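Report on the following structure.
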Amino acid sequence: MLHAHEYCNQDLRAFGREKGWCPYFLARRMVQFANVIVYSYQYLLDPKVAGIISKELPKESVVVFDEAHNIDNVCIEALSVSVRRQTLEGATRNLNRISQEIDRFKATDAGRLRAEYNRLIEGLALRGNLPTTDIWLANPALPDDILKEAVPGNIRRAEHFLHVLRRLVQYLRGRLETENVEKESPVGFLVSINNHAGIDQKTLKFCYDRLHSLMLTLEITDTDEFLHIQTICDFATLIGTYARGFSIIIEPFDERMPHIPDPVLQLCCHDASLAIKPVFDRFQSVVITSGTLSPIDLYPRLLNFHPVVSRSFTMSLTRDCICPMVLTRGSDQLPVSTKFDMRSDPGVVRNYGKLLLELVSVVPDGIVCFFVSYSYMDGIINAWNDHGILKDIMQHKLVFIETQDVVETTLALDNYRRACDCGRGAVFFSVARGKVAEGIDFDRHYGRLVIMFGVPFQYTLSKILLARLEYLRDNFQIKEGDFLTFDALRQAAQCVGRVIRSKADYGMMIFADKRYIFPNSFSITLTSKILNSLIKG
Numbered sequence: 047m048l049h050a051h052e053y054c055n056q057d058l059r060a061f062g063r064e065k066g067w068c069p070y071f072l073a074r075r076m077v078q079f080a081n082v083i084v085y086s087y088q089y090l091l092d093p094k095v096a097g098i099i100s101k102e103l104p105k106e107s108v109v110v111f112d113e114a115h116n117i118d119n120v121c122i123e124a125l126s127v128s129v130r131r132q133t134l135e136g137a138t139r140n141l142n143r144i145s146q147e148i149d150r151f152k153a154t155d156a157g158r159l160r161a162e163y164n165r166l167i168e169g170l171a172l173r174g175n176l177p178t179t180d181i182w183l184a185n186p187a188l189p190d191d192i193l194k195e196a197v198p199g200n201i202r203r204a205e206h207f208l209h210v211l212r213r214l215v216q217y218l219r220g221r222l223e224t225e226n227v228e229k230e231s232p233v234g235f236l237v238s239i240n241n242h243a244g245i246d247q248k249t250l251k252f253c254y255d256r257l258h259s260l261m262l263t264l265e266i267t268d269t270d271e272f273l274h275i276q277t278i279c280d281f282a283t284l285i286g287t288y289a290r291g292f293s294i295i296i297e298p299f300d301e302r303m304p305h306i307p308d309p310v311l312q313l314c315c316h317d318a319s320l321a322i323k324p325v326f327d328r329f330q331s332v333v334i335t336s337g338t339l340s341p342i343d344l345y346p347r348l349l350n351f352h353p354v355v356s357r358s359f360t361m362s363l364t365r366d367c368i369c370p371m372v373l374t375r376g377s378d379q380l381p382v383s384t385k386f387d388m389r390s391d392p393g394v395v396r397n398y399g400k401l402l403l404e405l406v407s408v409v410p411d412g413i414v415c416f417f418v419s420y421s422y423m424d425g426i427i428n429a430w431n432d433h434g435i436l437k438d439i440m441q442h443k444l445v446f447i448e449t450q451d452v453v454e455t456t457l458a459l460d461n462y463r464r465a466c467d468c469g470r471g472a473v474f475f476s477v478a479r480g481k482v483a484e485g486i487d488f489d490r491h492y493g494r495l496v497i498m499f500g501v502p503f504q505y506t507l508s509k510i511l512l513a514r515l516e517y518l519r520d521n522f523q524i525k526e527g528d529f530l531t532f533d534a535l536r537q538a539a540q541c542v543g544r545v546i547r548s549k550a551d552y553g554m555m556i557f558a559d560k561r562y563i564f565p566n567s568f569s570i571t572l573t574s575k576i577l578n579s580l581i582k583g
């Protein structure tokens, strides 16, 4: 078995050192000899990576996407690009550096630039013979959509190509000066950039190819410094290649922090099937599996494929080890929910705090609490602290909190485990969709109870989310409410599933929100499926 970032035995590592190979390059070399390869989704779904790492895999390979409950999100992220002011400033610095390198080559080795120009005239069919040394040099477009013809004449000369990129950067800088949220289709954006910057669609489509060739010709090795211009060329190639399944959204600020200007131009992919289609077309057997892949029938619609076999399996357990519960009211019989109009209600905050206080006094070992967002978690913890509830909780167990800082969260998790190991017991506050919710196991005594405070819906005012919902409704006949409910409940199931990691585990799962039994047929169906799967294992 070969892990992408783990390297076989000492002899093999010594051989790699002899050859002067770095460990990453050694792993890439071993991919073609391994029987089993374990790596991230992006190595197959992201065209920039798959074109280098996975292109040698035979079509008879069996591809297994494990923990694939979020595979549609991974697909759209692989084909999405964000451009900020910092990106444009960095791209300008990159272009100045490239211009200096061109001037240096003109003075010392002009023949190399002429040879590159002649090669571009003949066409980039020779692209496959060019050495690709870095992942960032891979094409952001999908393999079937990459042109196999000559680069347009207006960007064959290096100076002309830099001039085009400068006009593109200047145009994008002007678009970021807007004071209102703007949304455009790729077609409308191409018309605008042609009218204002004089750059046509075909030129944009070849920006990656031209940058790739130029970087190789100039023998630039410190490619990490050129990530900004890479982002611009990735954006240009994608916008010049795809007319459907994408939209351009320009936001002058984050709607959750409107007082802080942070303009961003986003090329948003809405069609998850685009990224995964080459995998389906290339490999004979593709398996999509997860413990929280429910409902199964929605994934073929999101990914636009027809499954040959679709099965749901239950785990065989020797005893009842899971106790899932839905809590709709507090001890004073007031309803509890994290709906926007209720989440700041003192009664809801008090009932959530009393619920946790009562549970920490009777449940041993570790307790994990998930909240719908960092801001809500910070607000409710501050309220509990003001009311003295947090102090009472700490009389029974220590409290640890996930933050957006990776180092702080790692330290908190380590101390949480130590508290559970020594018998003191602890409570860990975390956030749905965060790092802990997706990748940390609270098995055995580290998680005897998990509480999901609220329903982890996405931020429904997000322009990107609204655009995707519109696309799913128009092209896949998936209603907005159905998708939002499905997405929220799969996240909730993923959170509560952190505490049951083997047949020997046992624990309680509490869904604390009245909406888990909301009178909506779709949400009732989803909730019942999730709860039934949890009860059955």
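Under my numbering, residues 47 to 583 are what the sequence shown spells out, in order.
C-beta: ideal position from N, C-alpha, C; glycine also.
Every value quoted in this text rests on a predicted model; they were computed, and no experiment measured them.
- Counting of Cβ neighbours within 10 angstroms places G393 among the exposed residues, the total staying below 16.
- With a threshold of 16 other beta carbon atoms within 10 Å, F359 falls short and is exposed.
- Note that the region 520-540 does not touch the region 457-469; fewer than 3 beta-carbon pairs, one per stretch, sit closer than 8 Å.
- When beta bridges are read from the DSSP output, E228 appears opposite I296.
- Residues L511, L530 and D533 of the same chain have their beta carbon placed closer than 7 Å to that of Q504, with the five preceding and five following residues left out of the count.
- For the set E135, D551, N119 and G157, the Cα lying nearest the Cα of I368 is the one of D551.
- In terms of Cβ geometry, D559 and V409 do not form a close pair [threshold 8 Å].
- Between the region 149-161 and the region 110-123, the count of C-beta pairs closer than 8 Å stays below three; the two stretches do not touch.
- Within the region 76-134, the complete alpha helix (DSSP H) segments at least 4 residues long are 88-91, 93-99 and 117-124, listed from N- to C-terminus.
- Assignment of Q312 by DSSP, reduced to helix, strand and coil, places it in the strand class.
- The shortest CA-to-CA distance from L159 to any of C121, Y562, P353 and H206 is the one to H206.
- Partner residues in the beta bridge of G553, as assigned by DSSP, are I368.
- By the C-beta density criterion, R139 is exposed, having fewer than 16 other C-beta atoms within 10 angstroms.
- The three-state secondary structure of I306, taken from DSSP, is coil.
- By DSSP's assignment, R375 forms a beta bridge with P381.
- Sequence-distant partners of Y217 (beyond 5 residues in either direction) whose C-beta falls short of 7 Å from its own C-beta, in its chain, are I239, H242 and A243.
- Here C415 is bridged, per DSSP, to F475 and I497.
- Annotation for L401: the continuous alpha helix (DSSP H) segment containing it runs P392 to V406.
- Cα atoms of L262 and Q78: separation of roughly 25 Å, rounded to the nearest angstrom.
- The region 446-459 and the region 396-405 do not touch, with fewer than 3 CB-CB distances between them shorter than 8 Å.
- For the options L260, C466 and L284, the alpha carbon positioned closest to that of K251 is the one of L284.
- For L444, the enclosing beta strand (DSSP E) stretches over residues L444 to I447.
- If you draw a straight line from the Cα of A96 to the Cα of I117, it is about 16 Å long.
- Counting the other CB atoms within 10 Å of its CB gives P186 a total of 16 or more, which places it among the buried residues.
- Counting other Cβ atoms within 10 Å of its Cβ, M555 reaches 16 or more and is therefore classed as buried.
- L214 sits away from I296, with the two beta carbons spaced by 8 Å or more.
- Checking the DSSP bridge columns, you'll see S331 partnered with V108.
- C-alpha of V354 to C-alpha of V496: approximately 36 Å in a straight line.
- In the DSSP assignment, the residues bridged to A558 are L373 and F499.
- The beta carbon of Y254 sits closer than 6 Å to those of N185, C279 and T283, all from its chain and outside the five residues before and after it, given in chain order.
- For H258, the uninterrupted alpha helix (DSSP H) segment begins and ends at C253 to T263.
- Nearest to G553 by C-alpha distance, out of K385, R494 and R490, is R494.
- For V542 against V473, the beta-carbon gap comes to about 16 Å, at or over 8 Å, which does not count as contact.
- Taking C-alpha positions only, D317 is separated from F292 by approximately 7 Å.
- Apart from sequence neighbours up to five positions away, the residues of its chain that approach E271 with a beta-carbon distance below 8 Å are N140 and R143, ordered along the chain.
- From the listed residues L90, G500, I294 and H258, the smallest Cα separation to R389 is found for G500.
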